[in-house]
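Colleague:
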Amino acid sequence: MYSLNVVSGEHRSVTLRDGMRCTVGRTPRAQVVLAHDPELSSLHFSIECLPGSVVLRDCQSTNGTFVNDQRISEHRLTNGDQIRAGRTRFVWVETGRPTQQFTGAVAAATHVPAADPNANLAPAPTLHPAAVDQSTSPDQPAGVASNVSGERIQNATPFAVGELLWQAPDGHWKWTIVCKGTWTYAANGDVAPAKVGEPIWADDCVCEQTGEVLRETDLVPFKPRADVIVIGQAYADRGVPCVERDLRLSVGSVTSRLRAIGDRCWKFASRAQLVPALSAAQPWTTIPLSYRRAFGGIDPAAGRYCESNPDGAGFIGALSPQSVHERKLPNFEDPLQLIVSWESKPQPVGWGYYPRNAAPRLDGFRKYTEAIAGGSASRHGAIATYDAFNAAHPLLQQDHYFRGGERVEMVGVSPRGQERFTLPRVAPTLTLQGSDHDRSSPTFWRPDGKSDTRMSLDTLILLPDRHQFVLMWRSVINLVDLNTDVRVSIGIDSRK
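Using this note's numbering, the first residue of the sequence shown is number 3, and each one after it goes up by one.
1. Within 10 angstroms of the Cβ of Ala360, are there 16 or more other Cβ atoms? Answer buried if so, exposed if not.
2. Going by Cα to Cα distance, which pick from Ala394, Trp353 and Thr219 is closest to Gly366?
3. Which stretch, first to last residue, makes up the beta strand (DSSP E) that contains Gln420?
4. Taking the C-alpha atoms as reference points, what is the distance between Phe297 and Lys330?
5. Can you tell me which of Ala303, Ile179 and Gly264 puts its alpha carbon nearest to the alpha carbon of Thr287?
6. Do Phe47 and Thr17 have their beta-carbon atoms positioned less than 8 Å apart in this structure?
7. Ordered along the chain, which non-local residues of its own chain (more than five positions away) have a Cβ less than 7 Å from that of Thr64?
8. Gly376 lies in the alpha helix (DSSP H); which residues open and close that run?
9. Can you tell me whether Asn81 is buried or exposed, with buried defined as 16 or more other CB within 10 angstroms of its CB?
10. For Pro323, report the span of its alpha helix (DSSP H) as first-last.
11. Give me the DSSP bridge partner(s) of Phe334.
12. Spatial neighbours of Ser252 within its chain, please: CB distance less than 6 Å, with the 5 preceding and 5 following residues excluded, ordered by chain position.
13. Between Ser310 and Arg295, what straight-line distance do the alpha-carbon atoms span, to the nearest angstrom?
14. Verify whether the separation of the beta carbon atoms of Asp460 and Asp83 is less than 8 Å.
15. Bridge partners of Tyr237, per DSSP?
16. Taking 8 Å as the cut-off, decide whether the C-beta atoms of Ala262 and Ile289 are in contact.
17. Return helix, strand or coil for Phe391, following the three-state DSSP convention.
18. With respect to the beta strand (DSSP E) encompassing Gly183, which residues constitute its N-terminal and C-terminal limits?
19. Quick one: measure Cβ to Cβ for Ile374 and Ala37, integer angstroms, because I've assumed they're closer than 8 Å.
20. Is the number of C-beta pairs between the stretch 414-422 and the stretch 157-173 that are closer than 8 Å three or more?
21. For Trp156, which residues of its own chain have a beta-carbon under 8 Å away from its beta-carbon, when the five flanking residues on both sides are left out?
22. Using 8 Å as the threshold, is the stretch 470-478 in touch with the stretch 177-188, meaning 3 or more CB pairs across them?
23. Do Ile536 and Phe317 have their C-beta atoms within less than 8 Å of each other?
24. Per DSSP, which one or two residues make a beta bridge with Pro430?
25. Thinking C-alpha only, which one of Phe92, Asp313, Ala320 and Gly314 is nearest Ala303?
26. How far does the beta strand (DSSP E) with Glu50 in it reach, from first residue to last?
27. What whole-angstrom Cβ distance do Arg227 and Asn392 have, given they're in contact under 8 Å?
28. Name, in chain order, the residues that DSSP records as bridge partners for Gln156.
29. Just to confirm before moving on: does the CB-CB distance between Tyr4 and Cys61 stay below 8 Å?
30. Between Arg448 and Thr178, what straight-line distance do the alpha-carbon atoms span, to the nearest angstrom?
31. How many Å lie between Ala238 and Gly352 at the Cα?
32. Does the beta-carbon of Ala32 have 16 or more other beta-carbons within 10 angstroms, so that it is buried, or is it exposed?
33. Tell me, to the nearest whole angstrom, how far the beta carbon of Gly27 is from that of Leu45; I am working on the premise that it is less than 8 Å.
34. Can you list, in chain order, the stretches of the beta strand (DSSP E) that have 3 or more residues and sit fully within the stretch 190-238?
35. Have a look at Asp467 and Val69 and give me their C-alpha separation to the nearest angstrom.
36. DSSP three-state label for Asp71, please.
Structure follows, in structure tokens:
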């Protein structure tokens, strides 16, 4: 058994065993979060406990990781080593060999689907691909039915399964289990399991050219609400070029409309003109759904930016030629809040992953960091502490989780024009197995104190270009400590 002891700032100790891996950093992406240290990187360093040795690796941090005052990129730890990262100092202590392993702890282990067992979807040092079992069911979407090392998870479903062990703001350890299934829908609305299911996305998928986050990690601790996310593009009706078209989306109680408009910009027709004019919209056949094409952006000349979408287009901070002339306008607008003058500042609208640096989501991460620094739920409430982990636009978040059976309708996001289908009434069930006679028995957990034994259907991802959709369920298990004896078995609940 080992312990990583924080000996400066907030004094803490993390116990590790063989087979465990943990990351240390300043943001919730790390398993050990030290929010008080501004010189720590988001993911600063990792520690991996291998049989016979323990390896510390710097995660390409800005300020470096030091062991015994020597900067390192990789180092084998020995008893008594002193570690420095940012302003924080640690001491590594070896307290003996473990008698029992908890191989699921601290790692975010990903079950990669049989279709591509060598897929490199988890470059971050905290993520481990798991073994693959090619068993599938003809009645459920293709995915994975495999076990974590040590058989802590017994997965009897064809769903892809991932796990994340993390510390809540009060310091208690939680174990999140995620199940993910993929379906295909036909033009007549028939739904069938996909031949190849999506894997668990253990890390963000980022566009190399633009740096835009195309897919966010599936492994987040908890979602207070249900997300609806659309990944795709707007299509002109029947493929005929147009200058604008309204798009429509509805899922359960969630409804949204977007107006897709061709490229435009602001222009001063002459030096004598005091008010800029909109150029004519250019015809288009497809436009990618992206918040970079929604209202927002930065006005360097005015030194101002749009807090609700810094990466967008069309924001003007001052009426001056430098700020206005030839500034591009957004391609996606709210039909009820159209831009009519340079002073128009509508709320950004979109259907993809809402940017983490945009309000109000950025405020959610501030709440979470505040809660970590305070050692308890933020002053905004236990549930609100986790607001930032909902990744959809605020208007595409449903207050209650999906249950299956919801009607889905999309218009303008596929060559077929209109898509209609119903979400399947099927869900994974999770059963806990642990000690029945002592205080270390595992329990289901919610931040508001309610015990929920069902896996929550908290994410719907629509992929209209592929005529597919993805469902994700999540459960959180409360662990008394890292030595908690807990196993889970996952089955299928089909509610016809």
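Here a beta-carbon is modelled for each residue, glycine too, at the ideal position from N, C-alpha and C.
Computed from a predicted model, the values in this text were never measured in an experiment.
Modeller: Looking at the atomic coordinates:
1. buried
2. Ala394
3. Gln420 to Thr424
4. 10 Å
5. Gly264
6. no
7. Ser43
8. Arg363 to Gly376
9. exposed
10. Pro323 to Val326
11. Ala262 and Ala296
12. Glu411
13. 13 Å
14. no
15. Thr288
16. yes
17. helix
18. Trp175 to Tyr187
19. 5 Å
20. no
21. Note on identity: in this sequence residue 156 is Gln, with Trp being the wrong assignment. Cβ within range, chain order: Asn149, Arg489, Val490, Ser491 and Ile492.
22. yes
23. Summary: the structure shown does not reach residue 536, with the chain confined to residues 3 through 498, and so no result is reported for it.
24. Ile494
25. Ala320
26. Phe47 to Leu52
27. 5 Å
28. Ser491
29. no
30. 11 Å
31. 17 Å
32. buried
33. 4 Å
34. 193-195, 215-217, 228-232 and 235-237
35. 50 Å
36. coil
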